[in-house]
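Chemist: Per the numbering used here, residue 11 is the first one in the sequence shown, and the count goes up by one each step. Glycine included, C-beta positions come from ideal geometry on N, C-alpha and C. Mind having a look at this structure? Questions to follow.
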Amino acid sequence: MTASEIKAKARELGFDVCGIAPAIDHPELHVFRDWLARGYAGEMAYLHRTAERRADVRHVVPSARTVIMTATVYNTDRPYSTECDDPGCAHIARYAWGDDYHDVIGGRLESLLAWMREASCVPFDARAYVDTGPVQERVYARHAGIGWIGKNTCVISPELGSWVLLGAIICSLPLDVDAPSLDQCGTCTLCIEACPTHAIVAPGVLDSTRCISYLTIELRGDIPAEHRAGVGSHVYGCDICQEVCPWNAVAPRSDDPAWQPRTAWDRVDLLTLAEKKDDELVAALRGSPMRRTKVQGLRRNVAVALENAEGTDEGRG
Ligand code: B12
Ligand code: SF4
Ligand code: SF4
């Protein structure tokens, strides 16, 4: 079983790109500890708890030789949040409109792994992860040639842009590896300037405690008063630093049914969301990545966004 055969199978299973990184001590892996020490993880305690394993995939699979990385386009045919100037619109992050990517991509990675086990003439160790595993996925994606880590900290594929979700298979097979992607941000700083809460504190360094994505998805309890205005009309996640990125100006779209917007979230406004009954929200959250905040968290975010909309002239009308 060769690297090219694995990549061909990955494409057949619905992955847009597949690359292979060596499981070695990449320099970027060392940034993580310092990032945690600066408090940039906020209340995401799981990142502290798993720091040791996140430092190197060989702490997860000791025999690891390679990391097979996949990227899947989830972009669909809908306007960017930056194209809407009505504060009554609810902004939901693009990745969250359809089915839960943990299930969709996790299932496809398991299929790829099952195929590899059948195709390989030697037994091997492997673990598949999407998002929730103790793996610094962006670092391995860069070293698998999928894309570079932009100043907004997202992996940007020169062909696909950054509307991609990553997946990883750590494995003990000594497969042929790809060349790492080279930085193509150049002198651009559009994402840093566009971030409404100044969460990108230096190129490639994100302070989660200021990031709308963290405030609306990861943070439990109340959103701190000083950050509420910055949240604007965002009720789940934020895409601004990717929407302004020139590499997403003509980003490809996916026609995969998994990523198409669910009716409940499709170009919805804040009042419609606020008026939905609990059982309607529970039904819409089933199988959606947005179930992470549960109904309670979503209502908290909608209330903050409504406060913000009412504070603007347009919102009063
Ligand atoms: C924790 C987490 C978050 C946190 C922190 C994000 C962050 N930037 O660190 C919060 C909740 C804020 C978040 C938000 C989002 N997330 Co998130 N998140 C993660 C998670 C679980 C871990 C990331 C992590 O380890 N962060 C710690 C920092 C230190 O690591 P890093 O982001 O990889 O940072 C690298 C750069 O800082 C770089 N670097 C260091 N110095 C320098 C200097 C320069 C000049 C440069 C260019 C780079 C650079 O090296 C670091 C190496 O670790 C990953 C999944 C995973 N297991 O990896 C998903 C993941 C990163 N998230 C993802 C997504 C989609 C998002 C959102 C777009 C969701 C949304 N729309 O709201 C936003 C994007 C916000 C943003 N600009 O990053 C995708 C990203 C896909 C991609 N194309 O990159 C991932 C990979 C999940 C997946 N499986 O697809 N996320
Ligand atoms: S996701 Fe939004 S809040 Fe977070 S860094 Fe990007 S633009 Fe800023
Ligand atoms: S907006 Fe500019 S600086 Fe930011 S990630 Fe995109 S190319 Fe890089």
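1. I think Ala103 touches Tyr246, with their Cβ atoms under 8 Å apart; what is that distance to the nearest whole Å?
2. Report the rounded CA-to-CA distance for Ser130 versus Met11, giving the unit in angstroms.
3. Taking the straight line between their C-alpha atoms, what separation do you get for Met126 and Ala18?
4. Just verifying my parser: in three-state terms, what is the DSSP assignment at Asp135?
5. Can you tell me which of the three DSSP states Ser14 falls into?
6. Going by other Cβ atoms of all chains shown within 10 Å of its Cβ, with 16 needed for buried, is Asp110 buried or exposed?
7. DSSP three-state call for His40: helix, strand or coil?
8. From Leu123 to Arg59, what does the alpha carbon distance come to, in whole angstroms?
9. What are the start and end residues of the alpha helix (DSSP H) that includes Gly283?
10. Distance, Cα to Cα, Asp135 vs Ile78?
11. For Asn318, tell me which candidate among Tyr150, Asn162, Trp173 and Ile233 has the shortest Cα-Cα distance.
12. Whose C-alpha, out of Asn258, Asp141, Tyr56 and Ser264, is nearest the C-alpha of Asp113?
13. State the DSSP-derived secondary structure class of Trp158, mapped to helix, strand or coil.
14. The beta strand (DSSP E) with Cys181 in it runs from where to where?
15. Keeping to the same chain, check which residues put their C-beta closer than 6 Å to that of Gly108; ignore five residues upstream and five downstream.
16. Does ligand 3 have a heavy atom nearer than 6 Å to the CB of Cys255?
17. So, helix, strand or coil for Gly98, using DSSP?
18. In its own chain, which residues sit with a C-beta less than 7 Å from the C-beta of Leu291, not counting the 5 before and 5 after it?
19. Look at the Cβ atom of Asp279, then the Cβ atom of Cys99, and state whether they are nearer than 7 Å.
20. Rounded to the nearest angstrom, how far is the Cβ of Val174 from that of Val312, given a contact under 8 Å?
21. With DSSP as the reference, identify every bridge partner of Leu57, one or two as the case may be.
22. Find the nearest neighbour of Ser172 within the set Cys251, Val67, Tyr139 and Arg88, judged by alpha-carbon distance.
23. Nearest by alpha-carbon distance to Arg230: which of Arg310, Ile180 and Trp45 is it?
24. If we count the other Cβ atoms within 10 Å of its Cβ and call it buried at 16 or more, is Gly160 buried or exposed?
25. Just checking: is the beta-carbon of Leu295 within a distance shorter than 7 Å of some beta-carbon in chain D?
26. What is the DSSP secondary structure of Tyr105, reduced to helix, strand or coil?
27. For the beta strand (DSSP E) containing Cys28, list its first residue and its last residue.
Modeler: Based on what the coordinates show:
1. In the sequence shown, the residue the question calls residue 103 occupies position 93. In the sequence shown, the residue the question calls residue 246 occupies position 236. The Cβ separation is near 6 Å, so the contact holds.
2. Numbered from 1 along the sequence shown, position 120 holds the residue referred to as residue 130. Numbered from 1 along the sequence shown, position 1 holds the residue referred to as residue 11. If you draw a straight line from the Cα of Ser130 to the Cα of Met11, it is about 5 Å long.
3. The residue labelled residue 126 in the question sits at position 116 within the sequence shown. The residue labelled residue 18 in the question sits at position 8 within the sequence shown. Rounded to the nearest whole angstrom, the CA to CA distance from Met126 to Ala18 is 12 Å.
4. Residue 135 sits at position 125 when you count from the first residue of the sequence shown. DSSP places Asp135 in the coil class of the three-state scheme, outside both helix and strand.
5. If you number the sequence shown from 1, residue 14 lands on position 4. The three-state secondary structure of Ser14, taken from DSSP, is helix.
6. For the purposes of this step, residue 110 is identified with residue 100 of the sequence shown, where counting begins at 1. So Asp110 counts as buried.
7. Counted from its first residue, the sequence shown places residue 40 at position 30. Residue state for His40 is assigned as helix, using DSSP reduced to three classes.
8. The count along the sequence shown starts at 1 and reaches residue 123 at position 113. The count along the sequence shown starts at 1 and reaches residue 59 at position 49. Rounded to whole angstroms, the gap between the alpha carbons of Leu123 and Arg59 is 27 Å.
9. By 1-based counting over the sequence shown, the position of residue 283 is 273. The question names Gly, but residue 283 is Leu in the sequence shown. For Leu283, the enclosing alpha helix (DSSP H) starts and ends at Leu280 to Glu285.
10. Looking up residue 135 in the sequence shown gives position 125. Looking up residue 78 in the sequence shown gives position 68. C-alpha separation (whole angstroms): 13 Å.
11. Within the sequence shown, residue 318 is the residue found at index 308, counting from 1. When only C-alpha atoms are compared, the closest one is Ile233.
12. Taking the sequence shown and counting its residues from 1, the one referred to as residue 113 is at position 103. Of the residues Asn258, Asp141, Tyr56 and Ser264, the one whose Cα lies closest to the Cα of Asp113 is Asp141.
13. Counting from one through the sequence shown, the residue named residue 158 turns up at place 148. The three-state secondary structure of Trp158, taken from DSSP, is strand.
14. Start at 1 with the first residue of the sequence shown, and residue 181 comes out as number 171. First-last of the beta strand (DSSP E) with Cys181: Val174 to Cys181.
15. Along the sequence shown, read from residue 1 onward, the residue named residue 108 stands at position 98. Beyond the five residues adjoining it in sequence on each side, Gly108 comes within less than 6 Å, by CB distance, of Ala268, Trp269 and Gln270 in the same chain, given in chain order.
16. Numbered from 1 along the sequence shown, position 245 holds the residue referred to as residue 255. Flag set: Cβ of Cys255 near ligand 3.
17. On the sequence shown, position 88 is the one that residue 98 refers to. Gly98: coil per DSSP, three-state reduction.
18. By 1-based counting over the sequence shown, the position of residue 291 is 281. Taken in chain order, the residues that qualify are Val305 and Leu308.
19. Numbered from its first residue, the sequence shown carries residue 279 at position 269. Numbered from its first residue, the sequence shown carries residue 99 at position 89. In this structure, Cys99 lies closer than 7 Å to Asp279 by Cβ.
20. As a first step, residue 174 is located in the sequence shown; it is residue number 164 there, counting from the start. As a first step, residue 312 is located in the sequence shown; it is residue number 302 there, counting from the start. Between the beta-carbon of Val174 and that of Val312 there is about 28 Å, and that puts the pair past the 8 Å contact cut.
21. Residue 57 sits at position 47 when you count from the first residue of the sequence shown. Leu57 has no beta-bridge partner at all, per DSSP.
22. Position 162 of the sequence shown holds residue 172. The alpha carbon of Ser172 has as its nearest neighbour, out of Cys251, Val67, Tyr139 and Arg88, the alpha carbon of Cys251.
23. Taking the first residue of the sequence shown as position 1, residue 230 is located at position 220. Selection Arg310, Ile180 and Trp45 evaluated against Arg230 yields Arg310 as nearest (Cα-Cα).
24. Taking the sequence shown and counting its residues from 1, one reaches residue 160 at position 150. Buried, by the Cβ-count rule.
25. This model lacks chain D altogether; it includes just one protein chain.
26. On the sequence shown, residue 105 is found 95 positions in, with the first residue counted as 1. DSSP places Tyr105 in helix when its eight states are reduced to three.
27. Taking the sequence shown and counting its residues from 1, the one referred to as residue 28 is at position 18. Per DSSP, the continuous beta strand (DSSP E) segment holding Cys28 begins and ends at Val27 to Pro32.
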